[in-house]
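Numbers given in the working numbering equal positions in the sequence shown, counted from 1, plus 11. Backbone N, C-alpha and C fix where the C-beta goes; we use that ideal spot for every residue, glycine too. Here the structure is a predicted model, which means the values were calculated and not measured. Below is one structure, written out as structure tokens; the observations come after it.
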Amino acid sequence: MQLPSSLRALLGKRLVRAGLWFIVAILTWGALAGLIAPPILCSVLEKELSSALGNRTTLGRLGFNPYTLRISLKEIAVPLPDGSPFARADLLELRLSPESLLKLAPVLSGVRLVRPEVSLILRPDGKLSPMDFLPSAPPPASPPPAGPEDPVEIKLTEFELVDGRIVFNDQLFKAEHEISELNLYIPVASTLEQDREQPIAPRLTALADGKPLRADANLTPFAARGRNIISANLAELSLTRLTPYLQRVAPLTLAGGDLSLDVGLGIEKAADGGTTMLLNAGLRLKDIDLRTPAKGELLRLAGADIGLNWDIFGETGLVLSEAVITNPALSLARKEDGGLELLDWLPRQNDAKDKAAKPLAMLLKRLTLTGGRVAWTDRSLPGPFTAEAKDIAVSLTDLNPASSKPGALEMSCSLAGGGYLSLKGGVVPSPLSLDMNVALDDLALKPLAPLLPQLILLEDGRLKTEAHLRVNPKDSGSGFSLENGGLEISSLALSLKNAKDVLISLGALRVKAINATPDKQDAAEVGLTDLIVTDQGRPAAKLASLSLTDCRINPGGEGYSAKSLVLSQPVLGVRRDAEGRISLLQLIDKLVGPTEKKEEGKKPEAAPKTTASEQPRIRLDLLEIKRGRVFLSDALGVKARLDNIAVQARNLDTTSTTPSPVRLEALVNGSPLTGEGTLMLTPEGADVEARAGLNALDLAPFSPLAQRYLGYAIAHGRLSLDSTLKLKDRNIDLAQRIRLLNFDLGEQTPSPDAIDAPVKLGLALLKDSKNDIDIQLPISGNLDNPEFGTGNIIRTAFGNLLLSVVTSPFAIIGGLLGGSSGSNLEYVAFTPGDDRLSQANREALKQVADLMKSRRSLTLGLVPQADENDRESLGEAYVRRRMREERFNDLSRKEQAATSVDEMRWKPGSEEATDLLFQVYKEEPIDKPRNLIGMIKELPYQDMFKAVADSRPKDDAALRALGRARAEAVRDALVAIDPALAPRITIRPTEVPGAGPRVLLGSGD
């Protein structure tokens, strides 16, 4: 073919030829790079990737535009070595910039990744699926570089990830999560030295488990110094999907709740290579519903907004700048064994690991909580017991666990059933220290009834208290104290579980100026008003008011002390039923449990003795009872009352050796009762010395008691009583002077409980001319003796007294009247063998005569007695009596008138004594030696005395005659004192053998 000449001329020019060759080269480059090389390169790339990753990586098609320098890879699939899916993408597009030729470094003008998908699997053994790409044996470690290496120089002017997706299959926790619609855009990124200061501003959007996620950044990662800022936002992520991870550490369930998160991370590189990393975050929790293992409610939270700052590498630590919590509701429970149920669900702490770990520094700037609620269930108590605090509001500011400076805390809440609690003050968390005012107002006590013993039911009541609370472990002891506290309980009502009526009601209890530590407590004043105790509908006790001042409790130091204890208008109602049970004791048994009863005849085990130094000191400067009353009644119909009771005791002290003075005044059925004495407190109880007097008490109301225990009614009479009490070491001595004024018994009323004694006769013998009885009745015993009881002792003593009065009236009555000793009036003693009255006997008989004159009903029965001593002394006594008679006969009539036979005396061994004995000897009808002229021969004194004495009879008849003579001598002496006594004196037969040479003074009845 022949080219036109014009064309040949054009081609002949050099420039044109060069241009044509360039076009041919471009076309050839396009053909080779765009059509031939891509399939070859795609195949090589597949093989290299598969070899490197140990899988079968596939690339659908590789395209290259040699003119725009655009490389595209389509349908990329990178499986795991076992063939399961790992990563894929529809398109990966790379755009090279011509600038790469000028900078001699790859400059990417754009990277675009379309619809990439990554499948991650966390297997049950805890390994992530991408770890399958790692070699089984790690490569040998290479030596660290000698210095910092410069980054590979590359420049990316645009990176875009479009519609990505990441699927995370958590086989370990049995959960699945997805990040979808993932879009990432990075406008410029360069490691070139001239571009390293240029900021990079990537943007990311996605859906995390269907919830929007957004992130932005401003970075200079390759600069030697500079600031990098990253911000991210996650909106309303459902927390229910996190339940498997929660149950890994606690068996709890997140049944509801959303999390929104705003995070800002700032990283700043300094010129010296140091790095500062600051995290700012805002968390928002919404509609949290945390459930127990049994799906019960544990925590509900309407909302929480938390702002925090964290200097990650600095010393400031984590700062919670603001936390606002709205309407939290917490349900707590105590188990049957007393443990907190929540602790069973929380992970166990490793104390050793926790101690080794450095605690994270933290500062709470401000926390605000509103609308809170805490529900409490105590299954260790019957019911079970439940309580609830609601409308909880908390404000906490400037709390730093690492600082000793306290944070400011304010808290308030309302209590279900009534009541308001508030706290205000400072708190240091570690170690926990508190310094705050605590106030509890108008707390309803009835909901707290299950906290009391099961026998007691709390029907009503209100509590108010306030105090300044300090807790400081650095102080000595426990560091706990209450200061300037106050307590008030009002409208309190308690009842027994099985009783219909209120058992205890209280108007008010007030305690002022309370100061307390675990070791000691004190209060300026304790006041109580309007205390009423009823039992089965009957009033058992009342108290108008109680006042305790300057009360101090310190068991390990000063003990227990108070300045004064004053009880005003106390009232007791005491009733004894037909079985002898005392209502007040029964009531105490109901309240504190029955006391251990003593077994009859068995002595209780002695309690270990303690010394005063082993017991805490008890001191009370003044104990006073004002205008008290006691009402007494029993099933027999006896009623009595004590009014205007006034008791005062001062300076009571268990460590003092000085007795405390005690005074008592009262009216017993209108009759005055007074007493005074001393009281000394001891470790065993108290030692008492006291005197008391009761004046002219009318006994008619006590007639039912007399009918039961004496067998007679009381017609009339009054009682006056003077008593002296001594109680020491639990040994009691009670001396009583009992005066029954114008006292007479009525008709006999047989009773099985009546004393076995001649009551009417005994009392009649005790009466004086005024129809009064005046006796002494002592009682003694030991309070620990099971056989000792005041009622039984008095009845026994009174019965023995009556028996003694009947059998030995003069001995008993004389002793009761406080005259001569009982032995002087029980009998008249004589010299063995003699019937003469001594002067002492005559004086005693004057008292007998006085008793008979003062008691017209009293008769005298003389009971003479003789014994073997009398038998042996009959002869000797006869000789001496005859010698006295001879001596008397020798006196003139005038001398005889001035003396008596019994008063005759002589000098022993004198000539007169021998002459008197010889006269007696001569007159006795016995054989006597005579002299030569037939006269009676005078023998030595001892021989004559023995001869006469041996001649006297010594049989029982002689002893009875001696006793009769003695009785007649007693009768004659009494008649000589008062002839009117003769009809009331009888002589009874002589008792042979008797108890001694005596005449008993018994009753003539």
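Whole angstroms is fine: what's the gap from residue i's alpha carbon to residue j's?
{"i": "proline 442", "j": "aspartate 93", "result": "56 Å"}
{"i": "leucine 215", "j": "alanine 226", "result": "5 Å"}
{"i": "glutamate 104", "j": "glycine 328", "result": "44 Å"}
{"i": "proline 141", "j": "leucine 91", "result": "7 Å"}
{"i": "alanine 703", "j": "aspartate 878", "result": "47 Å"}
{"i": "alanine 455", "j": "aspartate 795", "result": "45 Å"}
{"i": "lysine 553", "j": "leucine 542", "result": "5 Å"}
{"i": "leucine 871", "j": "valine 986", "result": "12 Å"}
{"i": "glycine 268", "j": "glutamine 258", "result": "16 Å"}
{"i": "phenylalanine 642", "j": "alanine 460", "result": "32 Å"}
{"i": "leucine 52", "j": "proline 223", "result": "40 Å"}
{"i": "valine 178", "j": "histidine 188", "result": "6 Å"}
{"i": "aspartate 220", "j": "phenylalanine 233", "result": "33 Å"}
{"i": "alanine 404", "j": "glycine 382", "result": "6 Å"}
{"i": "phenylalanine 396", "j": "serine 95", "result": "58 Å"}
{"i": "alanine 1006", "j": "serine 1014", "result": "18 Å"}
{"i": "proline 1000", "j": "alanine 972", "result": "10 Å"}
{"i": "asparagine 239", "j": "glutamate 169", "result": "19 Å"}
{"i": "leucine 309", "j": "arginine 384", "result": "11 Å"}
{"i": "valine 679", "j": "glycine 757", "result": "23 Å"}
{"i": "glutamate 934", "j": "leucine 902", "result": "19 Å"}
{"i": "aspartate 174", "j": "valine 199", "result": "20 Å"}
How would you label residue i, buried or exposed, when you count the other beta carbons within 10 angstroms and need 16 or more for buried?
{"i": "tyrosine 723", "result": "buried"}
{"i": "arginine 882", "result": "buried"}
{"i": "tyrosine 932", "result": "buried"}
{"i": "asparagine 793", "result": "exposed"}
{"i": "alanine 281", "result": "exposed"}
{"i": "valine 260", "result": "exposed"}
{"i": "glycine 920", "result": "exposed"}
{"i": "glutamate 611", "result": "Bear in mind that a pLDDT of 44 at glutamate 611, under 50, signals an unreliable position, so the number given afterwards is only what the model happens to contain. With fewer than 16 other Cβ atoms within 10 Å, it is exposed."}
{"i": "isoleucine 937", "result": "exposed"}
{"i": "proline 843", "result": "buried"}
{"i": "proline 994", "result": "exposed"}
{"i": "proline 49", "result": "buried"}
{"i": "arginine 592", "result": "exposed"}
{"i": "glutamine 3", "result": "The question about residue 3 has no answer here: the residues shown for the chain are numbered 12 through 1016."}
{"i": "methionine 946", "result": "exposed"}
{"i": "proline 761", "result": "exposed"}
DSSP state of residue i, grouped into three classes?
{"i": "glutamine 858", "result": "helix"}
{"i": "glutamate 611", "result": "Low confidence applies to glutamate 611: its pLDDT is 44, below 50, so where it sits in the model is not reliable enough to give any reading."}
{"i": "asparagine 880", "result": "helix"}
{"i": "glutamine 759", "result": "strand"}
{"i": "serine 671", "result": "strand"}
{"i": "threonine 254", "result": "helix"}
{"i": "methionine 447", "result": "strand"}
{"i": "alanine 991", "result": "helix"}
{"i": "alanine 657", "result": "strand"}
{"i": "glycine 94", "result": "coil"}
Within this structure, are the beta carbons of residue i and residue j separated by less than 7 Å?
{"i": "serine 506", "j": "leucine 514", "result": "yes"}
{"i": "alanine 707", "j": "serine 734", "result": "no"}
{"i": "leucine 634", "j": "alanine 657", "result": "no"}
{"i": "methionine 691", "j": "proline 670", "result": "yes"}
{"i": "arginine 628", "j": "threonine 665", "result": "yes"}
{"i": "isoleucine 87", "j": "alanine 100", "result": "yes"}
{"i": "leucine 451", "j": "leucine 432", "result": "yes"}
{"i": "leucine 1022", "j": "valine 330", "result": "Because the chain in this structure spans residues 12 to 1016, residue 1022 falls outside the shown range and cannot be described."}
{"i": "serine 579", "j": "alanine 551", "result": "no"}
{"i": "glutamate 333", "j": "arginine 377", "result": "yes"}
How far does the beta strand (DSSP E) with residue i in it reach, from first residue to last?
{"i": "threonine 1017", "result": "The structure shown does not extend to residue 1017, since the chain is modelled only from 12 through 1016, so no value can be given for it."}
{"i": "tryptophan 387", "result": "373-389"}
Go to residue i, then tell me how far its alpha helix (DSSP H) extends in each direction, as first and last residue.
{"i": "glutamine 907", "result": "904-908"}
{"i": "glutamate 934", "result": "922-934"}
{"i": "tryptophan 715", "result": "Checking the sequence shown, residue 715 turns out to be proline, not tryptophan. 714-720 is the span of the alpha helix (DSSP H), which, as asked, contains proline 715."}
{"i": "lysine 957", "result": "952-962"}
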